[in-house]
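K.L.:
Chains A and B supply the protein sequences, listed in that same order. Just so we're aligned, residue 94 is where the first sequence starts under this note's numbering, counting upward by one. Just so we're aligned, residue 4 is where the second sequence starts under this note's numbering, counting upward by one. Note that beta-carbon positions come from the ideal geometry of N, C-alpha and C, so glycine has one too. Here the structure is a predicted model, which is why all the values come from computation and not from measurement.
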Amino acid sequence: MTTLEAPAKPVSPAKFVPGDFKSDLKPIWCPGCGDFGVVTAITRALANIARPPHEIAFVSGIGCSSRIPGYTTAYGFNTVHGRSLPIAQGIKLANPELLVLVASGDGDGFSIGGGHVAHAVRRNIDITYIVMDNQIYGLTKGQLSPTSSRGRKTVTSSFGSLEDPVNPLLYVMGYGASFVAQGTPADMTGLAKIIEEGIRFPGFAFINVQSPCVTYGLEDQQLKAHKTNMQSLEAMGHDASDRAKATELAREYGTKLYTGVLYRNPNPPTTYGQGVAERQEALKKLAVPRHEILNRFKPTH
Amino acid sequence: MSEDLIIGIAGSGGDGVVSAGESLITAAALEGYHCVMTKSFGSQIRGGEASCRLRLATRPVLNPNGPLDVAVALNWDDFRKFGAELAVEAATIVIYESSTGVAPDKLPLQGVKPTVVFSVPITEMAAQHAGTDKAKNIVIAGLLAGWFGIGRESMLAGIRKKFAKKGATVVEGNVRAFQAGLDFAAANPLPEDRRLSAPQSGGETKLLTDGNDMCAAAAIFAGCTFFGGYPITPSTEIMQFLEREIWKYGGTVLQAEDEIAGIGAVVGASFAGQKAMTATSGPGMSLKTEMLGLASLAELPLVCVNVQRGGPSTGMPTKAEQSDLYQAAFSAHGDCLRPVLAPTSVGDIFGVTVEAFNLAEYYQTPVIVLSDQEIAQRKETVDPIDTSKFEIINRRQPSGAELTNYARFKLTESGISPISHPGMVGGNYLAAGIEHSESGRPTASGEMHARMNEKRFNKFNPLKSRRDLFAVEGDPEAPIAMVSWGSVAGVAREALRLAQAEGLQVKLLVPQLLYPVAETVYQDFFASVQRGLFIEQSHQAQLYRIVRMHVDLPAQVKPFAKSGSNPILPTEVLEKLREMVVAIQSGQPQPEAIED
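#1: For a minimum of 3 consecutive residues, which ranges assigned as the beta strand (DSSP E) are wholly contained in the segment 330 to 405 of chain B?
#2: So, does the segment 356 to 374 of chain A touch the segment 82 to 94 of chain B, judging by three or more C-beta pairs under 8 Å?
#3: Going along chain A in order, which residues have a C-beta closer than 7 Å to the C-beta of B/Phe-270?
#4: Could you tell me the alpha carbon to alpha carbon distance between B/Asn-361 and B/Asn-397, rounded to whole angstroms?
#5: Which of the three DSSP states, helix, strand or coil, is assigned to B/Met-427?
#6: Give me the Cα-Cα distance between A/Val-302 and A/Gly-183, rounded to the nearest whole angstrom.
#7: At a CB-CB cut-off below 9 Å, which residues of chain B make contact with A/Ala-196?
#8: Which residues of chain B have a Cβ atom closer than 7 Å to the Cβ of A/Arg-357, listed in chain order?
#9: Measure the alpha-carbon distance for A/Gly-163 versus B/Ala-435 and round it to whole angstroms.
#10: Using a beta-carbon distance cut-off of less than 9 Å, what residues from the segment 423 to 437 of chain B approach chain A?
#11: Within the continuous alpha helix (DSSP H) that includes A/His-147, where are the two ends?
#12: Look up A/Asn-171 in the DSSP assignment and say whether it is helix, strand or coil.
#13: Give, in chain order, every residue of the segment 392 to 403 of chain B whose Cβ lies closer than 7 Å to some Cβ of chain A.
#14: What residues from the segment 210 to 228 of chain A come within 8 Å of chain B, judged by C-beta to C-beta, listed N to C?
#15: When DSSP builds the beta bridges, which residues end up paired with B/Val-2?
#16: If the cut is a Cβ gap below 7 Å, which residues of chain A does B/Tyr-36 touch?
#17: Could you say which of B/Thr-283, B/Gln-243, B/Ala-474, B/Leu-295 lies nearest to B/Phe-333 if we only look at CA atoms?
#18: At what residues does the alpha helix (DSSP H) containing A/Asp-226 begin and finish?
#19: Who are the neighbours of B/Arg-548 on chain A, taking C-beta pairs under 7 Å?
#20: For B/Thr-212, decide whether its Cβ has a neighbour in chain A, counting only Cβ atoms nearer than 7 Å.
#21: Can you check whether the C-beta of A/Arg-383 is within less than 7 Å of a C-beta belonging to chain B?
#22: According to a CB-to-CB cut-off of less than 7 Å, which residues of the segment 246 to 258 of chain B neighbour chain A?
#23: If you follow the alpha helix (DSSP H) that B/Ser-22 is part of, which residue opens it and which one closes it?
#24: From the beta carbon of B/Ala-275, is the nearest beta carbon of chain A less than 7 Å away?
#25: Which value, in whole angstroms, describes the spacing of the CA atoms of B/Val-554 and B/Val-560?
#26: So what does DSSP say about B/Ser-204, is it helix, strand or coil?
#27: Could you tell me whether the segment 177 to 194 of chain A touches the segment 217 to 237 of chain B, where touching means 3 or more Cβ pairs closer than 8 Å?
#28: For B/Tyr-607, which of helix, strand or coil comes out of DSSP?
#29: At which residues does the beta strand (DSSP E) containing B/Pro-562 begin and terminate?
#30: Going by beta carbon distance, what residues of the same chain come within less than 6 Å of B/Ala-279, once the five residues before and after it are set aside?
#31: Reducing DSSP to helix, strand and coil, say where A/Tyr-356 ends up.
#32: Pull up the DSSP beta-bridge partners for A/Lys-115, would you.
#33: So with Cβ pairs under 7 Å, would you call A/Leu-379 a contact of chain B?
#34: Tell whether a beta-carbon distance below 7 Å holds between B/Arg-298 and B/Pro-425.
#35: Between the Cα of B/Asn-191 and the Cα atoms of B/Pro-482, B/Val-119, B/Leu-517, which residue gives the shortest distance?
#36: Output the distance between the C-alpha atoms of A/Tyr-222 and A/Met-329, rounded to the nearest integer angstrom.
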């Protein structure tokens, strides 16, 4: 085509299929693991988002769920247990153009990693935090998790857990999160949808995925039970902009399995990144050439 | 005339003790003198006791330690709280506030009778001439300018500038207060002329700053665009300097929620391709250990500054020590190696920090800079630094060809694999703390693990030949040697100066590269040596022990090590050197090498 010819149609944006985001690394997960569904849902969401894999940074900690980045074609980073949030935030601050995803589990995210949640929420850096919550420690073979129920018997609670579980939904709602959603691989369409919405949401987005452990999970925690028990928030007519109502529903974590968007702030606060960009722009003109930085140590009274 | 004066000033917080010191050191810098100033406070946030020590000289000041030539006490209770930090001897010229009511021959100093003592109505002079006793520091400046010939013109100019905004009356009042100090000194001359001679280097204006600010400035120069950290004494000023500056260069400073998150963000920023740094002290290093190991396994560049303080645990936050070397060299679990560099002064922390970034980028590794509280927080005059001398090194990125079937951890001859970062087409890879194959995929293969360990260690081999990271001073064939590092190297350098003045045949090795141990450098240095000392500020003599792990030292090379907050004096070291000379001359037999 020469420059004198007009194109026949407008050039369409890059088209991706979910397979473009799936790597050929064979997962270590047990057959039937909920995480298979999660990675599929993620690849579907990413296909719709249509950012190329090399522009995506997928960070995780340690656990079965944290293996996910390696099963995608994105730049992946399996970090250390409980510390994926600070690392992911560093990546996003260093290069705001990247799409940054974080995968975690109930232990990685709410036990050892629990201290970082508040700050990731309030800092509101534009990353998407997907936690695969299965109320048990799978990778290390069956220990108690912070979301395990009181009385639960596991290899580290032979006589029953003496603790009440953490409520991940209330946790993040309490810290003021602007996007909170929950899903299950039992509803793949719904799961892919909330992941996509979370990624698109400007700011910190939290997605709690009830992703059953087939090996150490309880009978009533498996996908079959999810199919029966799950209740679509949308179908219930839930108004996701109602923070109070969302908090009320969040309290029912553990007894109810609500799926969909629990809360989406209709007036999302500016992201940390926006603040940084504005500041960098405003202060740029004050920069002295780097090699002249020592001039500020010239003595004056 | 004097070539070298150590001045100590103490009083209550709010007395202007530190202001007086700042005026003096600024004047010294402007007039081309060499000066080092340290400050010391009680533990209260406000009020409490305050002091500063200045060592002013006509040639480079190697270390600030030593008994006072001049002591200025605004009140004796506060002065005495500083104990040995402000050591008064018989020869010390004592200047003190007369309204303390203390008689000049009855100074409350244990077992010391200074012969030259001035009781000065400092507060009264301030009130009388400037109308406020806040001008005490101005009076002190005048007294010192008068007796010791320091910076009269500079200080007057400083006074005029400082108070300009407050109007002519205030300016003139302070000028009169300064003059009152000069007049008192003129009317009460010292028994002998102790004014400073002209600076030996020709009086060129020097830079003036402290170690933390210089370190931060070096990071900017080196191209750092990300700092993540957490406040901890005595490192916080590094974060604060960068927080004022880095946005101008398109960078970010994140005061994270804790030490781990601070370095975590740095690891992330490095993964994303940025030059990134964190800074902390001992307790923070302990927390950061796991992240350092992750960065080592993932072969990610980063700079981690540890401004050492008294340890262990909470230790002594406002005192220097050199007891974190073991931790720097050995911290993270598993077989891994992180280079450790140590600056010796405010002047050289610039170059050391730039080098740290270069090593981090080149070797794709965390690099630890072991500064200490003294270097960090002392103000020092620094000869102007020619920044054009410094090379800036960036990480080796993959070429187009290397991005086809890109293997992030490719086993190369040098052990260094080209490193991509998110955003780079074709450079996608999985970074991990888990052991991996060349592609980055997790592995538990013993063979691959052994090869990767070899890669991660062998890549550092060229570092052990970096003789430019070692300074050897004195007679190269000397049978008596010293090794010293960090701020204590200044003490050793002064001891060398004193030894050479006595004609002793001594040499000194100052390593900036502490780890990995450059075996051949030490072997060559110790080839001529019969007796020697490793001089350092730690109970365990940590560098001595680490070097001995790798190098057979002559049996009579021993540690001279003290716990922090126990100043090591050049004269003490000189005494040991003299003993060694005598021992060699008297032909004492060399005992068998022993493990002590």
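P.N.:
Let's see:
#1: 369 to 375, 382 to 385
#2: no
#3: Looking up residue 270 of chain B in the second sequence gives position 267. Note that residue 270 of chain B corresponds to Val in the displayed sequence, not to Phe. Ordered by position in chain A, the residues that pass the 7 Å Cβ test against B/Val-270 are Ile-180, Gly-183.
#4: Reading the second sequence from its first residue, position 358 is the one you call residue 361 of chain B. Reading the second sequence from its first residue, position 394 is the one you call residue 397 of chain B. In a straight line, the C-alpha of B/Asn-361 is about 7 Å away from that of B/Asn-397.
#5: Counting from 1 along the second sequence, the entry for residue 427 of chain B is found at position 424. B/Met-427 falls in the coil class under three-state DSSP.
#6: Position 209 of the first sequence, counted from the start, is the residue given in the question as residue 302 of chain A. Position 90 of the first sequence, counted from the start, is the residue given in the question as residue 183 of chain A. A/Val-302 and A/Gly-183: Cα-Cα distance of roughly 24 Å.
#7: In the first sequence, counting from the first residue as 1, residue 196 of chain A sits at position 103. By Cβ distance, chain B contributes nothing, its closest Cβ being about 13 Å from A/Ala-196, past 9 Å.
#8: Numbered from 1 along the first sequence, position 264 holds the residue referred to as residue 357 of chain A. Within chain B, no residue comes near A/Arg-357; the closest Cβ sits about 25 Å away, beyond 7 Å.
#9: By one-based count along the first sequence, residue 163 of chain A stands at place 70. By one-based count along the second sequence, residue 435 of chain B stands at place 432. Their Cα atoms are separated by approximately 10 Å.
#10: Ser-423, His-424, Pro-425, Gly-426, Met-427, Val-428, Gly-429, Gly-430, Asn-431, Tyr-432, Leu-433, Ala-434, Ala-435, Gly-436, Ile-437
#11: Residue mapping note: residue 147 of chain A aligns to position 54 of the first sequence, counting from 1. Premise fails: A/His-147 is in no alpha helix (DSSP H) and is neither H nor E.
#12: Mapped onto the first sequence, residue 171 of chain A falls at position 78. In this structure, A/Asn-171 counts as strand in the three-state DSSP scheme.
#13: none
#14: Ala-211, His-212
#15: Past the edges of chain B, shown from 4 to 599, lies residue 2 of chain B, and the structure says nothing about it.
#16: The residue given as residue 36 of chain B occupies position 33 in the second sequence. Here the premise fails: no neighbours, minimum Cβ distance about 11 Å.
#17: Locating residue 333 of chain B in the second sequence gives position 330, counting from the first residue. Here the closest residue by C-alpha is B/Leu-295.
#18: Looking up residue 226 of chain A in the first sequence gives position 133. Element bounds for A/Asp-226: not the alpha helix (DSSP H) but the beta strand (DSSP E), 221 to 226.
#19: As a first step, residue 548 of chain B is located in the second sequence; it is residue number 545 there, counting from the start. The premise fails here: B/Arg-548 is roughly 30 Å from chain A at the closest Cβ pair, so nothing lies under 7 Å.
#20: Taking the second sequence and counting its residues from 1, the one referred to as residue 212 of chain B is at position 209. It does: the Cβ of B/Thr-212 has a partner Cβ on chain A nearer than 7 Å.
#21: As a working note, residue 383 of chain A is residue 290 in the first sequence. Closer than 7 Å to some Cβ of chain B, the Cβ of A/Arg-383 qualifies, so yes.
#22: Trp-250, Lys-251, Tyr-252, Gly-253, Thr-255, Leu-257
#23: Numbered from its first residue, the second sequence carries residue 22 of chain B at position 19. Counting along the chain, the alpha helix (DSSP H) containing B/Ser-22 begins and ends at 20 to 33.
#24: For the purposes of this step, residue 275 of chain B is identified with residue 272 of the second sequence, where counting begins at 1. True, the Cβ-Cβ gap to chain A drops below 7 Å.
#25: Here the question's residue 554 of chain B lines up with position 551 in the second sequence. Here the question's residue 560 of chain B lines up with position 557 in the second sequence. Going from the Cα of B/Val-554 to the Cα of B/Val-560 covers about 12 Å.
#26: Taking the first residue of the second sequence as position 1, residue 204 of chain B is located at position 201. Looking at B/Ser-204 - three-state DSSP - the assignment turns out to be coil, as it is neither helix nor strand.
#27: yes
#28: Residue 607 of chain B cannot be examined here, being either before or after the span of chain B that is shown, 4 to 599.
#29: Position 559 of the second sequence, counting from 1, holds the residue named residue 562 of chain B. Looking at the DSSP string, the run of the beta strand (DSSP E) that includes B/Pro-562 is 559 to 564.
#30: Against the second sequence, residue 279 of chain B aligns to sequence position 276. Result list for B/Ala-279: Phe-229, Val-269, Ala-272, Ser-273, Leu-305, in chain order.
#31: Taking the first residue of the first sequence as 1, we reach residue 356 of chain A at position 263. The answer is strand: DSSP assigns A/Tyr-356 an E or B state.
#32: On the first sequence, residue 115 of chain A is found 22 positions in, with the first residue counted as 1. Looking at the DSSP assignment, A/Lys-115 forms a beta bridge with A/Thr-165.
#33: By one-based count along the first sequence, residue 379 of chain A stands at place 286. Output row for A/Leu-379: interface = yes.
#34: Counted from its first residue, the second sequence places residue 298 of chain B at position 295. Counted from its first residue, the second sequence places residue 425 of chain B at position 422. Arg is not the amino acid found at residue 298 of chain B; the sequence shown has Ala there. The answer is no: Cβ separation not under 7 Å.
#35: Along the second sequence, one-based indexing puts residue 191 of chain B at 188. Looking at the Cα atoms, B/Val-119 is the closest of the given residues.
#36: Along the first sequence, one-based indexing puts residue 222 of chain A at 129. Along the first sequence, one-based indexing puts residue 329 of chain A at 236. Distance between the alpha carbons of A/Tyr-222 and A/Met-329 is about 25 Å.
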